[in-house]
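Visitor:
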Amino acid sequence: MTLLNLEDRVAGGVGFRIVDRLTDPEGDANADWLGVAEDCVLWMDGAAPVNAGRTRSDYPSDAAWLVRRFVDHFLANVGPAWRTRELVIDIQGRLAVEYEALGSADDVVRTDLPFACFGAARLVDDTLEITSAGDCVLLYETDEGKLARFGHSAVSSLEQQAVGALRETKARTGASHGEALQATIPHILDNQAQRNRRFGYDVVEPITDLAIDLERVLMPARPGRRMLAMSDGFYRAVDTYHLFTDEQLFEAAFDSGLSDILARLRDAEANDPEASAHPRLKLQDDATAVAFVVEAG
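Below you can see the structure in the form of structure tokens.
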């Protein structure tokens, strides 16, 4: 693949057109978040550590604060002068300062910090750049008209290991989902400790000089190219409830809309209140998605 210097280019005659967007639940408790501009679409999925019983921010969780502040900083500064990875690192430093100002220096330790998965699509002249850290998902059309999935992270496999431990506890003890989840917390904490470590997984955190790595792909900014970006909570429609294949989900997003997909997802959750048919850690997860297309100016 030919490497292109995004920072040396000037935005040209293409832009993003948003076909549909969705965040659920509405309100400050949602730790997913979206940011949209003509040449940039940003999606995030925040997480608060299991053992974090207090918050510094005015939000129900500091993860909700983190994703909102990150998106604000990103959209205010994104442009040809910034490489995406360098901008992400810079914003993490700014948010470290902001987060420190929200509380005393010793009331939240490193393991209690909020963190977030990250994905972004940028247009710079005739180039489309897609980047990701964590387990957010992007489905996009290739130049050959096929559907491709972008985003690979150890988060997913680590979570499946925790789900396996949860199922084993249920089968062995007959515990309820809530009781079994409490017994699984050591596995979840071990998983969270793998963030931003070699052979672990990369996520955004409010830490100065935290040089995370991003998955990255470049392709032509072809007008008409469709994309569907989502948090793992929305992608549960595919990998947890098996309501759709990738191809079916993609077409449904552009045909019937994201709300129809969400309604089917929430019904599946409600009909499986103990996660028996569809094993999972969270009985219900925040869901965010945005369907968009590259459009000529």
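Residue numbers for the sequence shown follow this note's numbering, beginning at 998 and rising by one. Think of the CB as a built atom: it goes at the ideal place given N, C-alpha and C, for glycine as much as any other residue. The structure presented is a predicted model; accordingly, all values stated were derived computationally and were not measured.
With contact counted as at least three CB pairs below 8 Å, one residue from each stretch, are the stretch 1126-1134 and the stretch 1165-1181 in contact?
Guide: Touching, no.
Visitor: With 16 as the cutoff for other CB atoms within 10 Å, does Gln1089 come out buried or exposed?
Guide: On the sequence shown, residue 1089 is found 92 positions in, with the first residue counted as 1. Buried: at least 16 other Cβ atoms inside 10 Å.
Visitor: Once you ignore the five residues that flank Arg1065 on each side, which residues in its own chain have a CB closer than 7 Å to its CB?
Guide: Start at 1 with the first residue of the sequence shown, and residue 1065 comes out as number 68. Taken in chain order, the residues that qualify are Trp1030.
Visitor: At a cut of 8 Å, does the stretch 1205-1223 reach the stretch 1283-1293 through at least three beta carbon pairs?
Guide: These segments touch.
Visitor: Skipping 5 residues on each side, what residues in its chain have a beta carbon closer than 6 Å to that of Thr999?
Guide: Residue 999 sits at position 2 when you count from the first residue of the sequence shown. A caution first: Thr999 carries a pLDDT of 32, below 50, which makes its placement in the model too unreliable to give a value.
Visitor: For Val1297, I'd like the list of residues in its chain whose CB is within less than 8 Å of its CB, leaving aside the five on either flank, ordered along the chain.
Guide: Absent from the structure is residue 1297, since the part of the chain shown begins at 998 and ends at 1294.
Visitor: Taking the C-alpha atoms as reference points, what is the distance between His1184 and Arg1192?
Guide: Here residue 1184 is taken as the residue at index 187 of the sequence shown, counted from 1. Here residue 1192 is taken as the residue at index 195 of the sequence shown, counted from 1. Cα to Cα, the separation comes out at about 14 Å.
Visitor: Buried or exposed, going by whether 16 or more other CB atoms sit within 10 Å of the CB of Leu1072?
Guide: Position 75 of the sequence shown, counted from the start, is the residue given in the question as residue 1072. That one is exposed.
Visitor: Who are the near neighbours of Val1075 in its chain, counting only those whose CB is closer than 6 Å to its CB and skipping five residues on each side?
Guide: Numbered from 1 along the sequence shown, position 78 holds the residue referred to as residue 1075. Once the five neighbours on either side are set aside, the close Cβ partners of Val1075 are Cys1037.
Visitor: Since Ser1256 is in the alpha helix (DSSP H), which residue starts that stretch and which ends it?
Guide: Looking up residue 1256 in the sequence shown gives position 259. Counting along the chain, the alpha helix (DSSP H) containing Ser1256 begins and ends at Leu1255 to Ala1267.
Visitor: Grab the span of the beta strand (DSSP E) containing Tyr1137 for me, first residue to last.
Guide: One-based indexing of the sequence shown puts residue 1137 at position 140. First-last of the beta strand (DSSP E) with Tyr1137: Val1134 to Glu1138.
Visitor: Looking only at C-alpha atoms, which of Ile1204, Ile1209 and Gly1032 sits nearest to Arg1194?
Guide: Looking up residue 1194 in the sequence shown gives position 197. It is Ile1209 whose Cα lies nearest to the Cα of Arg1194.
Visitor: So, do the stretch 1247-1261 and the stretch 1147-1165 have three or more beta carbon pairs nearer to each other than 8 Å?
Guide: No: the two stretches stay apart, fewer than three of their Cβ pairs being nearer than 8 Å.
Visitor: Nearest to Asp1199 by CA position, among Asn1188, Leu1211 and Thr1205, is which residue?
Guide: Against the sequence shown, residue 1199 aligns to sequence position 202. The option with the nearest alpha carbon to Asp1199 is Leu1211.
Visitor: Quick check on Ala1045: does DSSP put it in helix, strand or coil?
Guide: Locating residue 1045 in the sequence shown gives position 48, counting from the first residue. The answer is coil: DSSP assigns Ala1045 none of H, G, I, E or B.
Visitor: Is DSSP giving Leu1225 helix, strand or coil here?
Guide: By 1-based counting over the sequence shown, the position of residue 1225 is 228. Here Leu1225 sits in strand by DSSP.
Visitor: Given Met1227, which residues of its chain have a CB within under 6 Å of its CB, disregarding the five upstream and five downstream residues?
Guide: As a first step, residue 1227 is located in the sequence shown; it is residue number 230 there, counting from the start. Within the same chain, Met1227 has close Cβ partners Val1134 and Ala1286.
Visitor: Tell me whether Asn1027 is buried or exposed, calling it buried when 16 or more other Cβ atoms sit within 10 Å of its Cβ.
Guide: Within the sequence shown, numbered from 1, the residue matching residue 1027 stands at position 30. Per the 10 Å Cβ criterion, buried.
Visitor: In whole angstroms, what is the alpha-carbon distance linking Gly1167 and Thr1081?
Guide: By one-based count along the sequence shown, residue 1167 stands at place 170. By one-based count along the sequence shown, residue 1081 stands at place 84. Rather than Gly, the amino acid found at residue 1167 in this sequence is Lys. Distance between the alpha carbons of Lys1167 and Thr1081 is about 43 Å.
Visitor: In the DSSP assignment, the beta strand (DSSP E) including Trp1351 goes from what residue to what residue?
Guide: The requested residue 1351 is not part of the displayed model; the chain covers only 998 to 1294.
Visitor: Could you spell out the range, first to last residue, of the beta strand (DSSP E) harbouring Ile1015?
Guide: Indexing the sequence shown from 1 puts residue 1015 at position 18. First-last of the beta strand (DSSP E) with Ile1015: Val1011 to Asp1021.
Visitor: Per DSSP, what kind of secondary structure is Leu1155 in: helix, strand or coil?
Guide: Numbered from its first residue, the sequence shown carries residue 1155 at position 158. Correct three-state label for Leu1155: helix.
Visitor: Does the distance from the CB of Thr1042 to the CB of Asp1236 come in under 9 Å?
Guide: Start at 1 with the first residue of the sequence shown, and residue 1042 comes out as number 45. Start at 1 with the first residue of the sequence shown, and residue 1236 comes out as number 239. Residue identity differs from the one stated: residue 1042 is Asp in this sequence, not Thr. Not closer than 9 Å, so no.
Visitor: Cα separation between Ile1204 and Tyr1096?
Guide: In the sequence shown, counting from the first residue as 1, residue 1204 sits at position 207. In the sequence shown, counting from the first residue as 1, residue 1096 sits at position 99. Going by the C-alpha atoms only, they are around 9 Å apart.
Visitor: Shortest alpha-carbon distance to Arg1219 belongs to which of Gly1254, Tyr1137, Leu1110 and Pro1077?
Guide: The residue you call residue 1219 lines up with position 222 of the sequence shown. Of the candidates Gly1254, Tyr1137, Leu1110 and Pro1077, the one whose C-alpha sits nearest the C-alpha of Arg1219 is Tyr1137.
Visitor: For Gly1032, I'd like the list of residues in its chain whose CB is within less than 7 Å of its CB, leaving aside the five on either flank, ordered along the chain.
Guide: Taking the first residue of the sequence shown as position 1, residue 1032 is located at position 35. Once the five neighbours on either side are set aside, the close Cβ partners of Gly1032 are Leu1039, Val1068, Phe1071 and Leu1072.
Visitor: Assign Ala1118 to buried or exposed, taking buried as 16 or more other Cβ atoms, counted over all protein chains shown, within 10 Å of its Cβ.
Guide: Translated into positions along the sequence shown, residue 1118 becomes position 121. Flag for Ala1118 reads buried.
Visitor: Report buried or exposed for Phe1115, applying the criterion of at least 16 other Cβ atoms within 10 angstroms of its Cβ.
Guide: As a working mapping, residue 1115 is identified with position 118 in the sequence shown. Counting Cβ neighbours within 10 Å, Phe1115 comes out buried, since at least 16 surround it.
Visitor: Indicate, with yes or no, if the ligand SAM has a heavy atom lying under 8 Å from the CB of Val1068.
Guide: For the ligand SAM, the structure offers nothing, since it holds no ligand at all.
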